[in-house]
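Novice:
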Amino acid sequence: RSTATAVSFAHDVRAFGSQALSDASRKPSKVFSGPEIAHFESTPAVVNGTLLRAEELVAQSLRNAKVWVPRSPRPVVFTVPASAGQRQRRALLHAAELAGLRVDGLVTEAVAAAVIRSQDFLASTERTRTEVIVDVGAGHTEMCKVRFGREETRGLLRSSRRLIADVSLVGPCVSDETAGTLLMDRRLAEAALRSFESKHGEIPK
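In this text, residue positions in the sequence shown follow the UniProt record's numbering: the first is 1, and each later residue adds one.
(1) On the three-pair Cβ rule with 8 Å, is the stretch 107-123 touching the stretch 166-173?
(2) First and last residue of the beta strand (DSSP E) that includes Lys145?
(3) Are the beta-carbon atoms belonging to Cys173 and Ala114 less than 8 Å from one another?
(4) Quick check on DSSP: helix, strand or coil for Ile203?
(5) Put Val13 into one of helix, strand or coil per three-state DSSP.
(6) Report buried or exposed for Arg53, applying the criterion of at least 16 other Cβ atoms within 10 angstroms of its Cβ.
(7) Quick check on DSSP: helix, strand or coil for Leu21?
(8) Mapping DSSP to helix, strand and coil, what is Thr128?
(9) Please report the straight-line C-alpha distance between Arg87 and Thr125, rounded to a whole angstrom.
(10) Using only CA atoms, which one of Lys30, Val103, Gly171 lies nearest to Leu62?
(11) So Gly180 and Gly137 are supposed to be a Cβ contact under 8 Å. How far apart are they, rounded?
(12) How big is the Cα-Cα spacing for Glu152 and His140?
(13) Answer with buried or exposed for Phe32, where buried requires no fewer than 16 other C-beta atoms within 10 angstroms of its C-beta.
(14) Would you mind working out which of Arg147, Arg71, Ala59, Thr130 sits nearest His94, comparing C-alpha positions?
(15) Tell me where the alpha helix (DSSP H) around Leu57 begins and ends.
(16) Helix, strand or coil for Lys162, going by three-state DSSP, please let me know.
(17) I'd like to know whether the C-beta atoms of Ala20 and Val7 end up nearer to each other than 8 Å.
(18) Could you round the C-beta distance between Ser83 and Glu142 to whole angstroms and report it? I think they count as a contact, below 8 Å.
(19) Do Asn48 and Phe16 have their C-beta atoms closer together than 8 Å?
(20) Along the chain, where does the alpha helix (DSSP H) containing Ser118 start, and where does it finish?
(21) CB Leu92 to CB Phe78, shorter than 8 Å?
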């Protein structure tokens, strides 16, 4: 299951996901999603007189996600963009700790996608393959080159040996923090607003 990463403080009870995004147009200062959180990496936001850091907002989203599963997932693995720095990775681990989650590790998003893709590679007759994975997220777009290979796991018995995929990144990934689906939605909304105002006059602010 997937949901928008957004938290709303527009009402007495916090809202998450799509419900939180529905408050963004009416009370934008009370709704935090990906791009907004990125703007205060080192400076907390003030909501109803309370200081909130990005890690706390992410932790609240993680706590909300825990109710979707029958039991608390332990441990968990998070995927992160290849462009994520050490500070961002530590912040995610801190948010997981606040949410009561034990993290087994962090995996690059492109590698995680390649692991799923590797099942198709193993079903083929190719020995190696190189592909480009394009990840278009809400707040950024990233392109990574990955290489697939084959490796045999060796056990004591021949019957215990099996073929697995060897997945690795080739060179650095390329990312663009100004292109994403949420940003595209905003550009479309701005274009629609300009078209409306050109025909009917400017909307009072």
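Ideal Cβ placement from N, Cα and C applies to all residues, glycine included.
This one's a predicted model, so the numbers in the text were calculated from it and none came from an experiment.
Specialist: Answer, in terms of the structure:
(1) Between the stretch 107-123 and the stretch 166-173, the count of Cβ pairs shorter than 8 Å is three or higher; the stretches touch.
(2) 141-153 is the extent of the beta strand (DSSP E) around Lys145.
(3) No, these two residues do not count as a Cβ contact at 8 Å.
(4) In this structure, Ile203 counts as coil in the three-state DSSP scheme.
(5) Note: Val13 maps to coil in three-state DSSP.
(6) The residue in question, Arg53, is buried, as its Cβ has 16 or more Cβ neighbours within 10 Å.
(7) Three-state result, Leu21: helix.
(8) Three-state DSSP puts Thr128 in coil, outside helix and strand.
(9) If you take the alpha carbons of Arg87 and Thr125, they lie about 42 Å apart.
(10) Val103 is the residue among Lys30, Val103, Gly171 whose C-alpha sits nearest the C-alpha of Leu62.
(11) Here Gly180 really is in contact with Gly137; their C-beta atoms are around 5 Å apart, less than 8 Å.
(12) In this structure, the alpha-carbon of Glu152 lies about 36 Å from that of His140.
(13) Phe32 should be labelled buried.
(14) Ranked by Cα distance from His94, the options Arg147, Arg71, Ala59, Thr130 are led by Ala59.
(15) Element bounds for Leu57: 54-66.
(16) According to the sequence as given, residue 162 is Arg; it is not Lys. Arg162: strand per DSSP, three-state reduction.
(17) Between Ala20 and Val7, the gap from beta carbon to beta carbon is short of 8 Å.
(18) Their Cβ separation, rounded to whole angstroms, is 7 Å, which keeps Ser83 and Glu142 in contact under 8 Å.
(19) The answer is no: Cβ separation not under 8 Å.
(20) Counting along the chain, the alpha helix (DSSP H) containing Ser118 begins and ends at 109-122.
(21) It is a contact, given that the beta carbons lie within the stated cut-off.
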